[in-house]
Amino acid sequence: MALSAEAAALVDAALAEDVGEGDFTTLWTVPEGRRAEARIVAKAAGVIAGAEVAAEAFRRVDPSLEIEVSAPDGTALLPGDLAMVIRGSARSILTGERTALNFLQRLSGVATVTRRYVAAVEGTGARVIDTRKTTPGMRLLEKAAVVAGGGANHRVGLFDMVMIKDNHIAAAGGISAAVDAVRARNERGLRVEVETTTLEEVREALGTGADRIMFDNMSPVLMRQAVEIVHAHAAPRPETEASGGITLETIRSYAETGVDFISIGALTHSAPALDLSLQLRAAE
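Position in the sequence shown (first residue = 1) + 827 = my numbering.
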């Protein structure tokens, strides 16, 4: 699968950062003609994401490397399971190792955490979605990792959806005023979401015809009431989203309120890297 131009440029930048003027340790210790086979294996249970990005890192170092992706994105691995095999120049494999693993471990960590949140809401109808709390420059890759973990994406950036939050509301003079201002300028037809924190704000947002209403930092009890207010509204009713301070331990209670989406910043901003290891052996 070909990478996007943005992802390819990110791989190039990461390699330039790591290799710089040359991998002198490898150049000075590994014979030029030495061939090897490397196996990337899981050292902890998790979900793979970023396999093609990692493979591209090796290809950028040496297009002649043979790469076999044993675990495509979305594959659940147990300790010892095989994720990827790389064959060819030992020098090339060692030079690309850290960059490839950095992408693979980071993105697999995001997918692994996402899978846990998705499992926690199974059967409720609620969908787990991400946020814009991503690593600068890696947003598209991290959002793809969320999907690999079974989650869904919220907006990509500030440009593809209108999200009217508390500070916008304060600056505009209220929810209705903010939405009216958007309606007057929204020639792009962007979907409009409004953040609310009280039942009074939920009712006001309903009156604006917003496409989605976010319930921010509400308790599950209050959120259930907010969902009931929205569901009692005449069709077409807006989508609903829970946000703010929701953890793996509490997400089920929010999902059971009947909310449509639950946004979790921790999917991307707090996911620990999945423990993966590259094991190299010289070819006979």
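Every residue, glycine too, gets a C-beta built ideally from N, C-alpha and C.
- Taking 8 Å as the cut-off, the Cβ atoms of GLY1085 and VAL1048 do not count as close.
- When beta bridges are read from the DSSP output, GLY923 appears opposite no residue.
- Annotation for ILE1056: the continuous alpha helix (DSSP H) segment containing it runs 1047-1058.
- Given a length threshold of 3 residues, each whole run of the beta strand (DSSP E) inside the region 832-888 is given here in chain order: 862-869.
- With respect to the 8 Å criterion, GLY1092 and LYS970 are not classified as neighbours on the basis of their beta carbons.
- Assignment of ALA910 by DSSP, reduced to helix, strand and coil, places it in the strand class.
- Counting along the chain, ALA1005 sits inside the alpha helix (DSSP H) bounded by residues 1002-1012.
- When the beta-carbon positions are compared, ILE867 and ALA910 come within less than 8 Å of each other.
- Across the structure, ALA834 and ILE1002 are spaced so that their CA atoms are roughly 38 Å apart.
- If you check the CB distance, ALA1011 and ALA1005 do not come in under 8 Å.
- By the neighbour-count criterion, in which a residue is buried when 16 or more other Cβ atoms sit within 10 angstroms of its Cβ, HIS1058 is exposed.
- Three or more beta-carbon pairs drawn from the region 864-878 and the region 919-933 are found closer than 8 Å, and the two stretches are therefore classed as touching.
- In this structure, ASP850 sits near THR922, with a CB-CB distance shorter than 8 Å.
- Secondary-structure assignment with DSSP links VAL989 through a beta bridge to VAL1019.
- ARG925 has its alpha-carbon roughly 31 Å from the corresponding atom of ARG982.
- GLU859 and ALA1109 have their C-alpha atoms some 13 Å from each other.
- Secondary structure at THR1067: strand, using DSSP grouped into helix, strand and coil.
- Taken through DSSP and simplified to helix, strand or coil, ALA1037 comes out as coil.
- For ASN994, the closest of VAL896, VAL1021, GLY976, MET988 by C-alpha to C-alpha distance is VAL1021.
- The secondary-structure analysis by DSSP pairs LEU904 across a beta bridge with GLY873.
- Taking C-alpha positions only, ALA903 is separated from THR958 by approximately 23 Å.
- For SER1090, the uninterrupted beta strand (DSSP E) segment begins and ends at 1088-1090.
- Apart from sequence neighbours up to five positions away, the residues of its chain that approach ARG887 with a beta-carbon distance below 7 Å are VAL838, ASP839, LEU842, ordered along the chain.
- Excluding the 5 residues flanking it on each side, GLU1068 has same chain C-beta neighbours closer than 8 Å at ILE956, GLU1020, ARG1039, ILE1040, MET1041, PHE1042, VAL1086, ASP1087, PHE1088, ILE1089, SER1090, in chain order.
- In this structure, DSSP gives SER897 a state outside helix and strand, which the three-state scheme calls coil.
- The alpha-carbon separation between GLY978 and THR941 amounts to approximately 6 Å.
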